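Novice:
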Amino acid sequence: MRYILIVMSFILFLNAQNSDKDIKKAIVKIYSFAKEPNFQKPWISSNMRSSGSGAVIGKDLILTNAHVVANNTFLEVQKYGSAKRYIAKVVAVSHELDLALITCEDKSFFKGIKPIQIGNLPQSEQKILVYGYPMGGKTLSVTSGVVSRVEHQRYVHSGEKFLAIQVDAAINPGNSGGPAISGGKIVGVVMQGMTFSQNIGYLVPTVMIKHFLKDWSDGHIDGVPELHVFISKLENPAAKKYFGLDSNQTGILVNRVMPLGNSAGVLKIDDIILSVNGKNIEDDGTVEFRDGEYTSAKYVVDLLQMGDSVKLKVWRNRKVINLTVKLTKKNSDVWLVKNYIYDKDPSYFIYGGYLFSPVVENLVDSGKRKDCQVYSLLQKSATKKKREQVMLLGVFADRSNRGNQGLYHYMPTKIDGKDIVDFKSFYKAVKAKKSGFIVLEDSNHRKVIIDVAEALKRQKHILKLYNIQYAKSKDLREESK
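With our numbering as the guide, the letters of the sequence shown map in order to residues 1456 to 1936.
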């Protein structure tokens, strides 16, 4: 009997070894060469190279982080136990969720690799192994740890908040995109570590990985839907009494509905959302996503796809009503300042030495001079009359623009007395002016006046003087063809 037990234990050990070997074969190193745009000086860019990790998940596909392949100009992958690099390309990317799928041009790369399955959301204190190719060596690294907590965290790459897994396994640059494995399955993808902390890292959980894969099933990434409302917690007893709620009713208070968002025309200011798709919302804005564990109420909507509908139970005028919100509007359509832009060059144009660009999150978050006025734009909603904010980034000094050469971060709201709707319509209005003056005006009624004849006369000289090849970005050049 003892002999049989020893033999069985040996067989189990061999199976474990084989399973571990299969996993290692499926972990790849990714070499990325990228063009890093400069949003303060949008006519230039710099080259950078980095490395990350990934895992083969089937159908000749490698799962990794979006930030590993962002803005890439050339990709290579290398598999475990081989020095050969294979040319790769991006198949699908969600910068919002910091996830991407890549593949190899030469499909022989995948020969002999057994794809790793996607598992379920891990439990707290569940043991995990993190695989990847971190800095400090060329061979595969494996570190162990446990799941510390599961809750909403800000994803650094997109700046958005989604469910994330906190782990105590050692995570370093180069680990990005590598899988966290438990029970032989992927339970998360490494996305970021916490600076100035010991062994605190974050994973994109499998629920969001599955959302990404389902989103891409039609060959197109639509993104993660939102209600597009500003809310506040309802923990104050006086507030609950004011709105006529009893002590057993819980929910969140609607402070503002974004004009172009999904909830526009459905939800109203001072509505109290009691539940989302049958999930009761606590007064602190959380829902129970599994027994005894809570996270942001937006989690219920995060799991839905664009085009789905969500059912809300709402307290309005001291009575309960049921509402349905159709989730069709993307985040890029509802904010005045657009989300972080990747994989394309910044938009800009230069006119008589005046450098104009739309305000996007990359621009707000770049440069040494942090402007509070610009940061305040991040909380503003787009409207039909104002979909995008234009900025005068700076002025290339020339005789034609004397007196305005110290201008920077000037944000016009009107051109020749007319409201500026977005960057492209502003560009067209400037280009359409053939004589006279262009009069720009900001929200404080400060005017910038440009002599059209002088601007056109000096344009080529200014570009040549400052060694600028193009007066406008690629998207505007292609549009004017």
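Where a beta carbon is used, it is the ideal one built from N, C-alpha and C, also for glycine. Since we're looking at a predicted model, the values are computed, not measured.
(1) Of all the options Q1860, Q1834, E1896 and A1489, which has the alpha carbon lying nearest to the alpha carbon of V1845?
(2) If contacts are defined as beta-carbon pairs under 8 Å, then I1727 and V1769 qualify, I think. What distance do you get, rounded to the angstrom?
(3) Unbroken alpha helix (DSSP H) runs of length 4 or more, entirely within the segment 1842-1906: which are they?
(4) Where does R1745 land, buried or exposed, given buried means 16+ other C-beta within 10 angstroms?
(5) For R1504 and V1597, what's the separation of their Cα atoms in angstroms?
(6) Looking at V1792: is its Cβ nearer than 8 Å to the Cβ of V1819?
(7) Leaving out five residues before and five after F1468 in sequence, what residues of the same chain have Cβ atoms less than 6 Å from its Cβ?
(8) With respect to the alpha helix (DSSP H) encompassing P1692, which residues constitute its N-terminal and C-terminal limits?
(9) Assuming contact is defined by CB atoms lying nearer than 8 Å, are F1881 and I1870 in contact in what I supplied?
(10) Once you ignore the five residues that flank S1821 on each side, which residues in its own chain have a CB closer than 8 Å to its CB?
(11) Are at least three pairs of beta-carbons, each pair with one atom in the segment 1630-1648 and one in the segment 1514-1523, less than 8 Å apart?
(12) Rounding to the nearest angstrom, what Cα-Cα distance links D1906 and K1915 in this structure?
(13) DSSP puts E1743 in a beta bridge; with which residues?
(14) Could you tell me how far apart the beta carbons of G1674 and E1551 are, in whole angstroms, since I believe they sit closer than 8 Å?
(15) Could you have a look at R1604 and say whether DSSP puts it in helix, strand or coil?
(16) Based on the DSSP secondary-structure assignment, which residues constitute the bridge partners of T1598?
(17) My understanding is that T1838 touches P1714, with C-beta atoms under 8 Å, so please give their C-beta distance in whole angstroms.
(18) Going by the CB atoms, is the gap between K1562 and D1515 shorter than 8 Å?
(19) Buried or exposed: where does H1900 fall if 16 or more other Cβ atoms within 10 Å of its Cβ makes it buried?
Specialist: So, from the listed chains and residues:
(1) E1896
(2) 7 Å
(3) 1878-1887
(4) exposed
(5) 23 Å
(6) yes
(7) Confidence in F1468 is poor, its pLDDT being 33 and thus under 50, which makes the residue's placement too unreliable to answer from.
(8) P1692 to Y1697
(9) yes
(10) N1493, F1494 and Q1495
(11) yes
(12) 16 Å
(13) Y1749
(14) Contact doesn't hold; Cβ gap of about 17 Å is too wide.
(15) strand
(16) V1585
(17) 5 Å
(18) yes
(19) exposed
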